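If you count by my numbering, then the sequence shown holds residues 1240 to 1494, one letter each, in order. Backbone N, C-alpha and C fix where the C-beta goes; we use that ideal spot for every residue, glycine too. Note that the structure is a prediction, hence the values are computed from the model and not measured. Below you'll find the structure, written out as structure tokens, and then a few comments.
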Amino acid sequence: MTRIFAVTNQKGGVGKTTTCVNLAASLVATKRKVLLVDMDPQGHATLGSGVDKKQLEYSVYDLLMGEATVEQIRKTTDPASYDLLPANVDLAGAEVGLINESQRERKLANALEGIKKDYDFILIDCPPSLNLLTINALTAARGVLVPVQCEYYALEGLTSLLDTLKRVTETVNPGLEVSGILRTMYDSRNSLTQDVSGQLIEYFGDQVLDTVIPRNVRLAEAPSHGLPVLCYDAKSKGSLAYLALAGEILRRNSL
Ligand code: ATP
Ligand code: MG
């Protein structure tokens, strides 16, 4: 069965895209077939996968608007070998473009229906807002992965995210669940990191993943080379952490 995860947090810069690109590559390293869907008009998952977002004939925007098929927009990344549905700034027009459409929150779910059997995992990189693009991701997904940077305001936004998740489960996607809260850019020597981490565990219990992603300069450098860190510096702490995350996700899903 295909596992579809939306990687989401409306707070910006918490490591959503870094998690998508590197988890995708790490799952491929465990011989799983993976599709990464870029649902952010910033197109960072596209760039970080080594695909030029300015040279796209079709993108996720065309998919949502019903103007292209998955087959027409899908790219296979090199050398990481996961598939990608790329996006660029055009996607910012989707909210307006879909305004008069019925079932506009189901566009991504419907588009993935025919091809999801081709994959073990589909990861969806969300933009930093709770807009129609994020709702489309949450409607298509079975699980939600929430990267959280352990700093002062980290918990504040989680309440509105959980409200949105509740609304989506009560309306369009009753099967949706929180698959994991992932602590990113973790610095174990920092007492604030430890405090916030402790609070996360107190509130969310074992929804907090055991794996933590450390702050690691190789993770920050890799996207400028269009590579997941596994293909840039396989022995780095960041690379090992994302491999461990892939392992934990496989275990938690009994795969
Ligand atoms: P946005 O909300 O804008 O989509 P995001 O949540 O997708 O942001 P990223 O783009 O993944 O966040 O990360 C934000 C920045 O932090 C990037 O420059 C990225 O390279 C860097 N970064 C992410 N994770 C780490 C890490 N563990 N160690 C060091 N740098 C990191
Ligand atoms: Mg991002």
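Exercise. Can you list, in chain order, the residues of its chain whose CB lies under 7 Å from that of residue 1265, leaving out five sequence neighbours each side?
Worked result: 1469, 1481, 1482, 1484, 1485
Exercise. Within the present structure, is the beta-carbon of residue 1278 separated from the nearest heavy atom of the ligand ATP by less than 6 Å?
Worked result: no
For this session: Let me know the secondary structure DSSP gives residue 1472 once reduced to three states.
Result: coil
For this session: Please confirm whether any heavy atom of the ligand ATP lies closer than 6 Å to the CB of residue 1252.
Result: yes
Exercise. If you pair each beta-carbon of the region 1272-1292 with each one of the region 1387-1405, do three or more pairs fall below 8 Å?
Worked result: no
Exercise. Is residue 1490 buried or exposed, if buried means 16 or more other CB atoms sit within 10 Å of its CB?
Worked result: exposed
For this session: Indicate whether the contact test is met: 3 or more Cβ pairs, each with one atom in the region 1311-1328 and one in the region 1284-1295, closer than 8 Å.
Result: yes
For this session: Rounded to whole angstroms, what's the CA-CA distance from residue 1354 to residue 1321? Just pull it up for me.
Result: 14 Å
For this session: Confirm, please, whether the CB-CB distance from residue 1244 to residue 1337 is below 7 Å.
Result: no
Exercise. Mind checking residue 1250: buried by the 16 CB within 10 Å criterion, or exposed?
Worked result: buried
Problem set entry | Cutoff 8 Å; reference residue 1398; Cβ partners in own chain excluding five residues on either side | Within its own chain, no residue has a Cβ closer than 8 Å to the Cβ of residue 1398 once the five positions on either side in sequence are excluded.
Exercise. Is the Cβ-Cβ distance between residue 1378 and residue 1411 less than 7 Å?
Worked result: yes
Exercise. What did DSSP end up calling residue 1394 once you bin it into helix, strand or coil?
Worked result: coil
Exercise. Should residue 1424 and residue 1388 be called a contact, given that it needs their Cβ atoms to be closer than 7 Å?
Worked result: yes
Exercise. In whole angstroms, what is the alpha-carbon distance linking residue 1366 and residue 1256?
Worked result: 9 Å
Exercise. For residue 1283, is the beta carbon positioned less than 6 Å from some heavy atom of the ligand MG?
Worked result: yes
Exercise. Would you say residue 1483 touches the ligand ATP, meaning its beta carbon is less than 6 Å from a heavy atom?
Worked result: no
Problem set entry | residue 1457 and residue 1472 closer than 7 Å at C-beta | yes
Problem set entry | Any non-hydrogen atom of the ligand ATP within 6 Å of residue 1369 CB | Residue 1369 Cβ: outside cutoff for every heavy atom of the ligand ATP.
For this session: With a threshold of 16 other CB atoms inside 10 Å of the CB of residue 1299, please say whether the residue is buried or exposed.
Result: buried
For this session: Counting only the same chain and skipping the five closest in sequence on each side, list residues whose C-beta sits under 7 Å from that of residue 1271.
Result: 1359, 1360, listed in sequence order.
Exercise. Just to confirm, does residue 1331 get its C-beta within under 6 Å of one of the non-hydrogen atoms of the ligand ATP?
Worked result: no
Exercise. For residue 1300, which three-state DSSP category applies?
Worked result: Residue state, collapsed to three classes: helix.
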